[in-house]
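Report on the structure given below.
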Amino acid sequence: MSQGVLSVSDVEVGQELPPRTVHISRASLVQYAGASLDRNPIHWDERFARSVGLPDVIAQGMFTMGSAINVVSDWVGDAGCIVEYGTRFTRPVVVPYETGADVVVTGVVTAVDDQNRRATVELTAMCGTDKVLGRATAVVVLG
Amino acid sequence: MAVNAGFTGRVYPPTAPYAVGREKIREFAEAVGADDPVHTDRTHARARGYRDVIAPPTFAVVIAQQCDRQLIADPEAGIDFGRVVHGEQRFVHHRPLTAGDEIVGVLTVDSVRQAGGHAMVTTRSELSTTEGEPVCTATSTIVIRGGE
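Read top to bottom, the protein sequences are chains A and B.
Heads up: the first sequence begins at 37 in this note's numbering, then just goes up one per residue.
Heads up: the second sequence begins at 51 in this note's numbering, then just goes up one per residue.
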């Protein structure tokens, strides 16, 4: 890649990435719905969400996934270095009108491949005591 | 209505080209709080070696879900969209999606299975440029909740 990208020599297994807290309001969900073309009303219409058995409006899983990866982009220095990213959506993020929701994202390096200059990062995304992403891992190419 | 297990292995024809736009990338990056200037500043992106601004890692879902829509909208598939929950998502980037790309997607239904009254459908969208250069493989599992 190029200047400003984290070097493989600066990365080791067990290294923790600087965490990030994502505050989610109803406005965040509407903005993401527009940007992503996901127009499912369970993400912005609480009457509809309740009518299909949900406690309230829930965040798009892809919003949480898309926000969580910023922890890795910030750390590595270039979002284009992320070559793989996958997750399971284990718990919904409920977003009440009054308070919104906070998702705390942390990451740890679980593998380093010096020869191919690659590292694997495992992400954890917590909303209160709920783990909202499962087996969230990203592979990055380092400098 | 049950999800049609006979759809396993089905491959759909390539989608109409999706033009990856600079302003759409900006809009998506802002929506997910991706503040890396590589998504919004052409000069910065070029200094990093890209042709133009690049999309955030999950932007490919916009195109992949257009591919998935072919299956979900197929009445023979038996998928009730009101009961669909996103179970799993994965991207393998062969290179970053870049403004100016014209992308076509080929959808394959990798599996249809039943578990505990629910159906789980895994699809794979192979995204490539109109010239045939592979860009991204997006794999998605949706869960269709069983009826009451």
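A virtual CB, placed ideally from N, CA and C, is assigned to each residue, including glycine.
Selected residue, minimal CA-CA separation from residue 127(B), among 149(B), 90(B) and 170(B): 170(B)
Near-chain B residues of the stretch 51-66 of chain A (beta-carbon distance less than 7 Å), N- to C-terminal order: 58
As assigned by DSSP and simplified to three states, the class of residue 100(A): helix
Closer than 9 Å at the beta carbon, the chain A residues around residue 183(B): Ordered by position in chain A, no residue passes the 9 Å Cβ test against residue 183(B), which lies about 16 Å from the chain.
Classification of residue 149(B) by the beta-carbon crowding that lies within 10 angstroms, buried from 16 upward: buried
When 173(A), 93(A), 172(A) and 49(A) are compared against residue 65(A), the one with the closest alpha-carbon: 93(A)
Beta-carbon spacing of residue 147(A), residue 156(A) below 7 Å: yes
The stretch 97-113 of chain B in contact with the stretch 76-87 of chain B per 3-pair CB rule at 8 Å: yes
Chain A contacts made by the stretch 121-152 of chain B, where a contact means CB separation under 7 Å: 132, 136, 137, 138, 139, 140, 141, 142, 143 and 146
Test: residue 68(A) CB closer than 7 Å to a CB of chain B: yes
Coil, strand or helix - residue 93(B) by DSSP: helix
Residue 134(A) versus 163(A), 62(A) and 52(A), residue with shortest Cα-Cα distance: 62(A)
Interface flag, residue 160(B) vs chain A, CB-CB below 7 Å: no
Close-in-space but distant-in-sequence residues of the same chain around residue 119(A) (CB under 8 Å, 5 per side omitted): 154, 175, 176 and 177
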